[in-house]
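**Q** Residue numbers 1 to 147, in the UniProt record's numbering, belong to the letters of the sequence shown in order.
Beta carbons are placed, not taken as given, at the ideal position from N, Cα and C, and that holds for glycine.
Model, not experiment: these values are computed from the prediction.
Here's a structure for you.
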Amino acid sequence: MVEVGVDVPNATVMLIENAERFGLSQLHQLRGRVGRGAHKSYCLLMSGSSSPEAKQRLQVLEQSQDGFFIAEMDMQLRGPGQVLGTRQSGLPDFALASLVEDREVLELAREAAQKVIEKDYTLERWPAMAAEWNRRYQKMMGGSILT
């Protein structure tokens with residue numbers, strides 16, 4: 001429902017049970033599906049958890065309508081998961097930087113990595129880097145990707 005963009009302009013109430021099971025960005029998108037018409041609308045979030053973490057996450061939605069802020073808070077509270085992978089929350093595979101607090105440094109590192117790849121796509125001149133890349137990501141990608 002979220003991805004396909006269902007639009008029912010007369011919908012005025014949405015009840016989401018077990019809201020703690022959703023990401024904040026998903027909940028933000030869902031609540032945007034009501035109130036598109038002329039009538040006042042409500043999005044009710046029910047949580048099956050009374051943990052402080054669950055309450056804190058849902059309070060973010062109560063306090064803000066800003067999708068970028070909500071996504072950033074979701075990442076801070078749940079963790080970014082795997083940058084290259086399928087795990088959508090939790091601690092990242094690396095612990096050298098905070099994706100939120102060290103954004104500028106990470107952008108510089110990304111630009112430097114792009115320059116390396118542009119000059120040497122297979123990392124032939126960087127065998128240790130190629131070996132580490134393959135070691136970390138071969139299971140996820142289904143085999144060695146740099147040869």
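Nearest to S49 by alpha carbon, out of T122, A19, A71 and R125?
**A** Locating residue 49 in the sequence shown gives position 49, counting from the first residue. Looking at the Cα atoms, A19 is the closest of the given residues.
**Q** Would a C-beta distance cut-off of 8 Å place H28 and G67 closer than the cut-off?
**A** Counting from 1 along the sequence shown, the entry for residue 28 is found at position 28. Counting from 1 along the sequence shown, the entry for residue 67 is found at position 67. Cβ distance < 8 Å, so H28 and G67 count as in contact.
**Q** In the DSSP assignment, the alpha helix (DSSP H) including M73 goes from what residue to what residue?
**A** Taking the sequence shown and counting its residues from 1, one reaches residue 73 at position 73. Where M73 is concerned, the enclosing alpha helix (DSSP H) stretches over G67 to R78.
**Q** What's the gap between the Cα of A54 and the Cα of S98?
**A** Within the sequence shown, numbered from 1, the residue matching residue 54 stands at position 54. Within the sequence shown, numbered from 1, the residue matching residue 98 stands at position 98. Approximately 22 Å, taken between the alpha carbons.
**Q** Output yes or no for whether 8 Å exceeds the beta carbon distance between I70 and L61.
**A** The residue labelled residue 70 in the question sits at position 70 within the sequence shown. The residue labelled residue 61 in the question sits at position 61 within the sequence shown. Result yes, Cβ atoms of I70 and L61 sit closer than 8 Å.
**Q** Counting C-beta neighbours from all protein chains within 10 Å, is the total for R57 16 or more, i.e. buried, or is it exposed?
**A** Numbered from 1 along the sequence shown, position 57 holds the residue referred to as residue 57. The residue is buried, with at least 16 neighbouring Cβ atoms inside 10 Å.
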